[in-house]
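As given, the protein sequences belong to chains E and R, one line each in that order. Here my numbering runs 28 ahead of the position in the first sequence, where the first position is 1. Here my numbering runs 28 ahead of the position in the second sequence, where the first position is 1. From the three backbone atoms N, C-alpha and C, an ideal C-beta is built for every residue, glycine too.
Number of protein chains: 2
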Amino acid sequence: MKKKAVILFSGGLDSTTCLALAKSEGYDCYALSFDYGQRHNSELNAARKIAKKSNVMQHEVISLSIGQLGGSSLTDKTQTIKDHDDNHVGIPSTYVPARNTIMLSIALGWAEIINAEAIFIGVSSIDYSGYPDCRPEYISKFNELVDLATKKGVEGHVLSIKTPLINLSKADTIKLGDSLGVDYSQTISCYKATDDGLACGKCDSCALRRKGFDEAKLPDTTRYI
Amino acid sequence: MKKKAVILFSGGLDSTTCLALAKSEGYDCYALSFDYGQRHNSELNAARKIAKKSNVMQHEVISLSIGQLGGSSLTDKTQTIKDHDDNHVGIPSTYVPARNTIMLSIALGWAEIINAEAIFIGVSSIDYSGYPDCRPEYISKFNELVDLATKKGVEGHVLSIKTPLINLSKADTIKLGDSLGVDYSQTISCYKATDDGLACGKCDSCALRRKGFDEAKLPDTTRYI
């Protein structure tokens with residue numbers, strides 16, 4: 029039987045690269061997306077399309093109403109998402125508290141149910157160094173938790189969190205995905221993407237992505253407004 | 029300003045005791061419940077009533093569609109929940125994989141948003157020793173994760189997971205709650221509770237609860253069918 033992996037899959041650039049990588053490593057892939065009130069719902073549509081095209085074994089979109097707790101401009105429609113500003117210091121308003129911990133926990137539950145041996149998450153400690161839950165020491169601690177958190181972990185079943193992009197810049201990730209044949213025109217990173225999946229080109233996420241293509245010296249196939 | 033706590037609050041016997049305890053310790057309480065497709069939705073109604081009566085600062089019910097991942101008779105309506113059987117060995121079918129990790133993660137997100145310094149969870153390692161995520165070593169590891177997972181944790185803000193029932197039997201928990209004035213007739217533990225909140229008296233959860241009142245030598249005020 030082939031080994032199984034749960035892929036935290038937003039339909040964005042990073043997680044689509046992770047999915048392609050997991051496939052290339054021989055995993056049967058189970059894609060997991062979240063509808064948590066993020067504004068860019070077209071991301072979920074992209075996720076559905078890419079998952080289907082990538083022949084994943086299963087794709088689940090979990091509804092999770094954490095937006096009602098507040099704390100992020102990404103889920104609070106009364107807040108404005110600002111355009112990218114090179115001089116901005118600190119955590120951006122789009123930060124969703126404990127998001128990676130929440131998503132990894134749900135992935136852990138699914139991994140236990142389907143007997144997966146890996147969970148892929150496309151975090152990078154290079155581009156988002158301000159996010160605590162993107163750092164190697166955080167992931168390493170979550171891996172320790174996994175061994176204690178589930179029946180299978182306690183019984184010695186090996187399940188580990190894989191972060192293949194953690195030391196890659198956006199440009200390196202794009203080069204990796206390009207070598208794996210990823211079609212980035214289908215992926216959506218923009219915080220304010222239109223319903224048709226067009227990117228604004230101005231938010232933090234667009235700025236980072238555009239710079240990545242630039243530095244990778246690859247054509248930016250993002251569909252902008 | 030008073031110290032704040034997030035209480036994982038199902039409306040059951042244990043979490044209601046936790047809420048009463050946190051209040052008695054001087055916390056402003058923020059109750060957090062989940063609608064994750066559990067069958068006993070009357071539990072959520074009980075949670076709403078008790079939270080209101082207890083004057084919590086805020087009560088949030090998070091929708092979380094993890095039932096679609098399968099793995100538990102508690103969320104899968106095609107499975108039957110069996111009556112309690114003293115001879116049953118192993119993890120019961122009502123086990124929801126990684127549930128405590130998932131709920132603690134979401135509580136962690138809220139705690140960061142509201143600046144809480146404690147999260148209360150009513151797990152016991154005595155009555156449910158088969159559940160890996162009810163053991164002290166699991167909780168201790170999650171506490172280590174908390175320090176790495178959030179911006180505030182990294183900055184040294186103290187937030188800790190409190191498990192006041194972890195070494196208590198159900199009888200001890202009931203005695204504790206009784207001393208704090210908890211009205212257990214309002215709490216629902218039954219896996220098959222009716223819409224009106226009546227307990228079946230036969231499932232694992234009812235059996236454990238009934239035994240608890242028995243051993244505590246306190247009248248069982250549970251409303252049975």
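Compute the beta-carbon to beta-carbon distance between E:Ile253 and E:Gly225, rounded to the nearest angstrom, for a pair I have assumed lies under 8 Å. E:Ile253 to E:Gly225, Cβ: 11 Å. No contact.
Is the shortest distance between the beta-carbon of R:Leu97 and the beta-carbons of chain E less than 8 Å? yes
E:Lys190 to R:Thr44, Cα distance in whole Å? So the two alpha carbons sit approximately 38 Å from each other.
From the DSSP output, which residues share a beta bridge with E:Asp111? E:Cys231
Note down, in chain order, each residue of its chain lying with its Cβ closer than 8 Å to the Cβ of E:Asn171, except the 5 sequence neighbours on either side. Excluding the 5 residues flanking it on each side, E:Asn171 has same chain C-beta neighbours closer than 8 Å at Ser188, Ile189, in chain order.
Kindly list, in the order they appear in chain E, the residues whose Cβ is closer than 7 Å to that of R:Ser133. Ordered by position in chain E, the residues that pass the 7 Å Cβ test against R:Ser133 are Ala126, Thr129, Ile130, Ser133.
Simplified DSSP state of R:Ala244, which is helix, strand or coil: helix
Grab me the residues of R:Cys86's own chain with a C-beta within less than 7 Å of its C-beta, minus the 5 sequence neighbours each way, in chain order. Per the sequence presented here, residue 86 of chain R reads as Gln, with Cys not at that position. So the list reads Tyr58, once near-sequence residues are dropped.
Are the Cβ atoms of R:Ile90 and R:Gly39 separated by less than 8 Å? no
Return no unless some Cβ of chain R is closer than 8 Å to the Cβ of E:Leu47. no
Please list the segments of the alpha helix (DSSP H) lying wholly inside the stretch 176-221 of chain E, counting only runs of 4 or more residues, in order along the chain. 179-182, 198-207
Do E:Ala177 and R:Thr249 count as a contact pair if the criterion is CB distance below 8 Å? no
In whole angstroms, give me the CA-to-CA distance for E:Ile142 and R:Asn143. 36 Å
Under 8 Å (Cβ pairs) to chain E, residues found in the stretch 163-193 of chain R: Arg163, Glu165, Tyr166, Lys169, Phe170, Glu172, Leu173, Leu176, Ala177, Thr178, Lys179, Gly181, Val182
Mind reading off the beta-carbon distance from R:Lys198 to R:Leu236? Whole number of angstroms is fine, and I expect it under 8 Å. Right, their Cβ atoms sit about 6 Å apart.
Express the C-alpha separation of R:Gln96 and R:Pro192 in angstroms, rounding to a whole number. 32 Å
N-terminal and C-terminal residue of the beta strand (DSSP E) that R:Lys32 is part of: 32-36
Beta-carbon within less than 7 Å of R:Ala74's beta-carbon, same chain only, minus the 5 sequence neighbours each way: which residues are those? Residues of the same chain with a CB within less than 7 Å of the CB of R:Ala74, apart from the 5 flanking positions on each side, are Gly39, Gln214, Thr215, Ile216, Gly225 in chain order.
Suppose you measure from the CA of E:Asp200 to the CA of E:Ile147; what does that come to, to the nearest Å? 21 Å
What residues of chain R sit near E:Ser61, judged by a beta carbon separation below 9 Å? Ordered by position in chain R, no residue passes the 9 Å Cβ test against E:Ser61, which lies about 12 Å from the chain.
By DSSP, does R:Tyr166 sit in helix, in strand, or in coil? helix
Are the C-beta of E:Ile141 and some C-beta of chain R separated by less than 8 Å? yes
Please check if any C-beta of chain R sits within less than 8 Å of the C-beta of E:Ser93. yes
In this structure, what does DSSP give as the bridge partners for R:Val89? R:Ser61
Within chain R, the residues that E:Ile90 reaches when beta carbons sit closer than 8 Å: Residues of chain R passing the Cβ test: Leu92, Ser93, Ile94, Gln96, Leu97.
Could you please give the first and the last residue of the uninterrupted alpha helix (DSSP H) stretch that includes R:Ile142? 127-142
Same chain, Cβ closer than 8 Å to E:Leu196, five either side skipped, listed in chain order: Ser152, Ile154, Leu204
Whole angstroms are fine: how far does the CA of R:Asp111 sit from the CA of R:Asp232? So the alpha carbons of these two residues sit roughly 6 Å apart.
Name the DSSP beta bridge partners of R:Asp42, please? For R:Asp42, which the question treats as bridged, DSSP gives no partner whatsoever.
Only counting the same chain, and skipping five residues up and downstream in sequence, which positions put a Cβ closer than 6 Å to that of R:Lys31? Tyr55, Glu145
Quick check on E:Asp56: does DSSP put it in helix, strand or coil? Secondary structure of E:Asp56 (DSSP, three-state): strand.
Quick one: is R:Lys220 buried, meaning 16 or more other Cβ sit within 10 Å of its Cβ, or exposed? buried
Look at the Cβ atom of E:Val186, then the Cβ atom of E:Leu136, and state whether they are nearer than 8 Å. No; because the gap between Cβ atoms is not below 8 Å, this pair is not in contact.
Of the residues R:Ile194, R:Lys180, R:Tyr159, R:Val182, the one placed nearest E:Glu183, counting alpha carbons only: R:Tyr159
Do you know whose CA, among E:Ala139, E:Ala48, E:Pro247, lies nearest E:Val84's CA? E:Ala48
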